[in-house]
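There are 2 protein chains.
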Amino acid sequence: MHKHREAIQNRKKREKDQRIEGILSAAKKVFFSKGYQKTTMDEIAFEAEISKPTIYQYFRTKDELYSALMLPFLEEFGRSFEAIAARLEGKGYKRGRAFVKDIFRAFTRSYEAAPDSLRVANTFFQHADLIGELSESTRAVISERGRRDFELARQVLRSAAARGLIRNKDPYALSDIIWGMLLGITQVMDMKAAKQPGRAAFLKTTLSEAEKILADAIALS
Amino acid sequence: MHKHREAIQNRKKREKDQRIEGILSAAKKVFFSKGYQKTTMDEIAFEAEISKPTIYQYFRTKDELYSALMLPFLEEFGRSFEAIAARLEGKGYKRGRAFVKDIFRAFTRSYEAAPDSLRVANTFFQHADLIGELSESTRAVISERGRRDFELARQVLRSAAARGLIRNKDPYALSDIIWGMLLGITQVMDMKAAKQPGRAAFLKTTLSEAEKILADAIALS
DNA sequence: TTAATTATCTACTCTTGGTTAAGTGAATAA
DNA sequence: TTATTCACTTAACCAAGAGTAGATAATTAA
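So the sequences go chain by chain: A and B. At position 26 of the first sequence (counting the first as 1) the number is 130 in our numbering, and the numbers step up by one without a gap. At position 159 of the second sequence (counting the first as 1) the number is 263 in our numbering, and the numbers step up by one without a gap.
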């Protein structure tokens, strides 16, 4: 009865994956609404409707759980930029404004899909604090990703300038400014939302206004 | 010997003030370099070269110590905006660019005076987290200040638009965007500085680049 | 049915960090 | 000199929260 044993193994694997999925989804919920520091393993366990030690069966530390959530998001982010880079390469942009729009879209896409995920990038990139909290190895992976994303963003901007889509500004400063705008705005909006829920909807409007401002300032066509 | 007693009282008062000053300066150092959460009373005490309970002689809680540092900064900030409002009122601005410049200056002035103080505004405004950490009463004072600063900023922008200095954009979105840019940029720069000290100098350049971008986008003259 | 394995839970441990109680010692007053 | 005050310290308290040891229940294999 090899088949039987195998079938059972399969089911066990599925259940295990489900448990992991459940933990991740609970963790996402809590981390995204409270940030890293204020999130407790107890609360994640409660949300996942399991006991705390069970979490430790699947994730060695709080850190590891957190970065299991972050990395896919960061990777998605990187992919968006790669797509823009590819389109640039293939002369896919006629107007600078379309390019600026895509840059913003890369950032906000995930937000539209799942409003919480933007907060990740938030808690993630912004908290210089947080970075220091994480373990050495976790930090290494994370800052490597961050470095690559920043580097990619700069290349994309440089290339867009070379093609006459945007003004020729220092790509270092420019990418910092764009990141800063996006992160800062979502933060400010988050603060407002915290005080007075329901406001979150304004974020999209504000970001699109920011997009126009940036386009007015740097797009050449 | 009334005089004598009085003189002693004076000296005691001076010493007390000195102690408070020492605590505040130690707290500033630690809070600004680590942020609210990661700062411990033990470290402040160590930095101030006194024992921990001594701090509690002068400040009832960690909160109170923190807000004793924040408020003066916020007030300075508000004053800057009031000055701009007054200049606007007196038709002191000939060009939109000068106005945009002053808005940025209001923010960066404190930075030039004391590089640390910008971080305060940072840890302060940005951490939606932090806000939730503070006690009810502390939070009340703080968000009241924040609310007033935001309100003032909006009025200033509206008025500048009415006078034809800048484009007529939604002042709510615009002030969020400006705040977001400034905060976000300083954050991004902070992260960089953390990784590789000495970079902090770039902040000024980047901010001035951001100023140009904003001016290109919204200034009408 | 029974032994072995596996997943999960209850009930801890251990550390950190804010806060406090109680006492010490120097300066001041009588 | 002696009592009092006051700043300050030592040595705790206590709650929160990350992580773990050992019991327990369920599931599978024989």
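C-beta atoms are modelled at their ideal positions from N, C-alpha and C, and glycine is treated no differently. Predicted model only: the values in this text are computed from it and were never measured.
Helix, strand or coil at residue 112 (chain B) [DSSP, three-state]:
helix
Going by DSSP, what residue range makes up the alpha helix (DSSP H) through residue 191 (chain B)?
166-193
Residue 185 (chain B) and residue 210 (chain B) - do their beta-carbons sit closer together than 7 Å?
yes
First and last residue of the uninterrupted alpha helix (DSSP H) at residue 158 (chain A):
156-162
Select from A:147, A:150, A:161 and A:108 the residue whose C-alpha is nearest the C-alpha of residue 121 (chain A).
A:161
Using 7 Å as the limit for Cβ to Cβ distance, is residue 281 (chain B) near chain A?
yes
Could you please tell me which residues of the region 131-152 of chain B, in chain order, have their CB closer than 8 Å to any CB of chain A?
138, 139, 141 and 142
Contacting residues, own chain, Cβ-Cβ under 6 Å from residue 152 (chain A) (five flanking each side not counted):
126, 127 and 130
I need the straight-line Cα distance from residue 270 (chain B) to residue 324 (chain B), nearest angstrom please.
5 Å
If you compare alpha carbons, which of B:123, B:109 and B:267 is closest to residue 197 (chain B)?
B:267
What residues of chain B sit near residue 323 (chain A), judged by a beta carbon separation below 8 Å?
Correct list: empty, because the minimum Cβ distance to chain B is about 10 Å.
Do you know offhand how far residue 281 (chain B)'s Cα is from residue 148 (chain A)'s?
34 Å
For a contact defined as C-beta to C-beta under 7 Å, what are the partners of residue 65 (chain A) on chain B?
Residue 65 (chain A) lies beyond the residue range present for chain A, which begins at 105 and ends at 325; the question has no answer from this structure.
With a 10 Å radius around its C-beta and 16 neighbouring C-beta atoms as the bar for buried, classify residue 113 (chain A) as buried or exposed.
exposed
In chain B, which residues lie with their C-beta within 9 Å of the C-beta of residue 273 (chain A)?
313, 316 and 317
In terms of DSSP beta bridges, what is residue 270 (chain B) paired with?
B:323
Is there a C-beta anywhere in chain A that falls below 7 Å from the one on residue 167 (chain B)?
no
Please list, in chain order, the chain B residues whose beta carbon lies closer than 8 Å to that of residue 320 (chain A).
320, 321 and 322
Checking 7 Å against the spacing of the C-beta atoms, do residue 264 (chain A) and residue 272 (chain A) come in under that value?
no
Express the C-alpha separation of residue 203 (chain A) and residue 259 (chain A) in angstroms, rounding to a whole number.
14 Å
DSSP three-state assignment for residue 120 (chain B), whether helix, strand or coil:
helix
Is the CB-CB distance between residue 261 (chain B) and residue 275 (chain B) below 7 Å?
yes
Taking just the CA atoms, how far does residue 124 (chain B) sit from residue 256 (chain A)?
49 Å
Along the chain, where does the alpha helix (DSSP H) containing residue 151 (chain B) start, and where does it finish?
145-152
Against chain A: residues of the region 172-185 of chain B by CB proximity under 8 Å:
none
Sequence-distant residues of the same chain with beta carbon closer than 6 Å to residue 143 (chain A), five excluded per side:
134 and 135
How many angstroms separate the CA atom of residue 319 (chain A) from the CA atom of residue 201 (chain A)?
6 Å
Secondary structure at residue 209 (chain B), three-state DSSP: helix, strand or coil?
helix
At the level of alpha carbons, what is the spacing between residue 137 (chain A) and residue 174 (chain A)?
14 Å
Going straight from the alpha carbon of residue 207 (chain A) to that of residue 154 (chain B), what length do you get?
52 Å
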